[in-house]
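Chemist: Please read through the structure below; I'll follow up with questions.
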Ligand code: GLC
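Structure below.
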């Protein structure tokens with residue numbers, strides 16, 4: 001695991017493909033029979049990328065406070081966004097966009113100092129050899145399995161195609177910081193030959209971080225849509241849509257408010273994770289205005305509060321402080337994210353350590369008192385803080401508490 005990844009905190013996920021033309025669900029709509037395969041692919045002639053401005057995308061991502069982005073180079077529908085020579089379907093050959101959309105994305109991200117991530121679906125519901133694994137289940141989906149015995153030669157051809165596309169992605173676009181896989185679930189690690197794949201990926205891109213959707217051969221967990229209530233083990237990233245869909249759907253207006261996006265972000269980093277916030281550009285490359293606004297909002301808040309965000313570690317449990325928090329790498333500073341107006345005062349308990357100072361990030365001091373702390377008691381007592389008047393951030397106020405030594409957390413029931 002490269003150290004940049006757990007320190008980056010915010011990434012932008014981009015689901016962009018022919019599904020944006022009519023606003024159907026990405027890939028799943030034909031797999032689930034909501035639409036036919038042919039109807040789904042009748043969107044291809046409408047995919048123009050005519051307003052695609054990756055410089056503008058990257059500038060927006062940068063302004064949002066994101067440190068990396070992950071673009072769907074190929075979703076489950078099999079439409080590659082680059083000029084693949086390994087397969088027949090791409091934005092170059094199959095859509096009026098007629099060009100490779102990955103190179104300018106990579107160049108723009110690099111130009112703005114952002115890390116480059118590629119989403120790639122292992123499975124490909126368009127490739128004729130993908131469904132060469134046999135199934136006796138008469139209900140098995142025909143895009144995933146064939147009826148009857150496995151066609152071994154067919155699967156070998158599919159793996160050769162899969163590796164060939166990954167070779168293109170890993171060797172034609174310069175360094176790739178993050179390989180974000182998806183769609184591993186229809187085959188096991190052995191059938192995918194995941195170990196061999198992982199070794200191969202590292203030979204091509206020695207510094208790439210690889211997500212978990214590798215049947216056990218990835219670097220970090222990717223809980224999706226439902227935010228963890230307790231943090232997963234090890235490094236992780238919570239991926240979530242801005243409305244209810246990964247890609248652009250004009251009928252979906254269930255946008256999370258900018259304030260709620262900020263809340264999700266702080267709750268995620270407070271548990272030590274990254275937020276991979278998804279947006280779905282329209283077929284021409286326009287980012288929906290709601291998403292643009294949310295990203296700008298995030299950036300406006302993060303910028304003056306960067307110290308509490310980047311490079312931080314998970315904070316303290318929410319039974320110690322009723323909100324998210326982070327801590328510094330040396331464990332001596334605790335950053336509390338105070339939502340709304342605590343009407344003058346708020347508390348902190350269960351923290352073992354002596355406070356040296358409590359301030360806002362601009363240095364304005366807070367007054368504080370300590371209660372119930374004594375040598376005989378395992379409960380470390382509690383603190384009450386008073387916020388200086390007129391200093392509340394309109395969204396979330398950050399309180400910085402510096403301890404003499406790295407603090408620790410007490411989670412016991414107390415004693416008589
Ligand atoms: C799911 C879906 C997919 C989406 C992905 C993002 O695995 O299959 O459509 O791209 O989640 O995490």
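Numbering (the working numbering), first residue to last: 1 to 416.
Glycine included, every Cβ here is placed at the ideal spot set by N, Cα and C.
Since the structure is predicted, the reported quantities are computational estimates derived from the model, not experimental observations.
#1: Find out if the Cβ-Cβ distance for the pair residue 398, residue 337 is shorter than 8 Å.
#2: Less than 7 Å separating the Cβ of residue 341 from some heavy atom of the ligand GLC?
#3: Taking contact to mean 3 or more Cβ pairs, one atom from each stretch, closer than 8 Å, check whether the region 95-105 and the region 44-58 are in contact.
#4: Compute the minimum distance between the beta carbon of residue 26 and the heavy atoms of the ligand ADP, and state whether it is under 7 Å.
#5: Within the continuous alpha helix (DSSP H) that includes residue 239, where are the two ends?
#6: When the Cα atoms are used, what is the spatial distance from residue 109 to residue 175?
#7: Below 8 Å between beta carbons: does that hold for residue 120 and residue 73?
#8: Could you tell me the alpha carbon to alpha carbon distance between residue 261 and residue 330, rounded to whole angstroms?
#9: For residue 414, which option in 350, 293, 383 has the closest C-alpha, if you only look at C-alpha atoms?
#10: Taking residue 7 as the reference, which of 271, 111, 195 has the closest Cα?
#11: Exposed or buried, residue 277, counting other C-beta atoms within 10 Å across all chains shown (16 or more means buried)?
#12: Using a threshold of 7 Å, is the CB atom of residue 184 nearer than that to any non-hydrogen atom of the ligand GLC?
#13: Among 162, 166, 132, which residue has its Cα nearest to the Cα of residue 152?
#14: Measuring only the C-alpha atoms, how far is residue 169 from residue 202?
#15: Kindly provide the ranges of any beta strand (DSSP E) runs that are 3 or more residues long and lie completely inside the region 275-358, ordered along the chain.
#16: Using a 10 Å radius around the Cβ and a threshold of 16 neighbouring Cβ atoms, would you call residue 194 buried or exposed?
#17: Cβ atoms of residue 20 and residue 288: under 8 Å apart, would you say?
#18: Can you tell which of 86, 92, 113 has its C-alpha closest to the C-alpha of residue 127?
#19: Could you check what DSSP says for residue 265 in three-state terms: helix, strand or coil?
#20: In chain order, what residues of the same chain have a beta carbon less than 6 Å from the beta carbon of residue 297, not counting five sequence neighbours either side?
#21: Given that a residue counts as buried once 16 or more other Cβ atoms are within 10 Å of its Cβ, and exposed if not, what is residue 380?
#22: Find out if the Cβ-Cβ distance for the pair residue 114, residue 52 is shorter than 8 Å.
#23: What are the boundary residues of the alpha helix (DSSP H) that includes residue 69?
#24: Can you tell me whether DSSP reads residue 371 as helix, strand or coil?
#25: Could you tell me if the beta carbon of residue 239 falls within a distance shorter than 7 Å of some heavy atom in the ligand GLC?
#26: Relative to the ligand GLC, is the shortest distance from any of its heavy atoms to the C-beta of residue 224 smaller than 7 Å?
#27: For residue 15, is the beta carbon positioned less than 7 Å from some heavy atom of the ligand GLC?
#28: In chain order, what residues of the same chain have a beta carbon less than 8 Å from the beta carbon of residue 22, not counting five sequence neighbours either side?
#29: Under the three-state reduction of DSSP, which class applies to residue 217: helix, strand or coil?
#30: Identify which residue in 357, 64, 165, 299 has its Cα closest to the Cα of residue 75.
#31: Along the chain, where does the alpha helix (DSSP H) that runs through residue 16 open and close?
#32: List the DSSP bridge partners of residue 430.
#33: Using CA atoms only, rank isn't needed, just tell me which of 70, 325, 388, 247 is closest to residue 264.
#34: Pairs of beta-carbons, one from the region 134-147 and one from the region 218-231, closer than 8 Å: are there three or more?
#35: Measuring only the C-alpha atoms, how far is residue 197 from residue 269?
#36: Could you tell me which residues DSSP pairs with residue 396 in its beta bridges?
Modeler: So, to answer that:
#1: Between residue 398 and residue 337, the CB-CB gap stays under 8 Å.
#2: no
#3: Touching, yes.
#4: The ligand ADP is not among the ligands present in this structure, which contains only the ligand GLC.
#5: Counting along the chain, residue 239 falls outside any alpha helix (DSSP H), though it belongs to the beta strand (DSSP E) covering 237-241.
#6: 12 Å
#7: yes
#8: 28 Å
#9: 350
#10: 271
#11: buried
#12: no
#13: 132
#14: 13 Å
#15: DSSP runs (the beta strand (DSSP E)) wholly in the region 275-358: 325-327, 333-339, 345-349.
#16: buried
#17: No; because the gap between Cβ atoms is not below 8 Å, this pair is not in contact.
#18: The candidate whose alpha carbon is nearest that of residue 127 is 86.
#19: Annotated three-state conformation of residue 265 is helix, per DSSP.
#20: 258
#21: buried
#22: no
#23: First-last for residue 69: 68-74, but that is the beta strand (DSSP E), not the alpha helix (DSSP H).
#24: Here residue 371 sits in strand by DSSP.
#25: yes
#26: yes
#27: yes
#28: 43, 46
#29: For residue 217, the three-state secondary structure derived from DSSP is coil.
#30: Comparing Cα-Cα distances from residue 75 to each of 357, 64, 165, 299, the minimum goes to 165.
#31: Unbroken run through residue 16: none, as it is neither H nor E.
#32: With the chain running from 1 to 416 in the structure shown, residue 430 is simply not present.
#33: 325
#34: Output reads no: the region 218-231 does not touch the region 134-147.
#35: 31 Å
#36: 339
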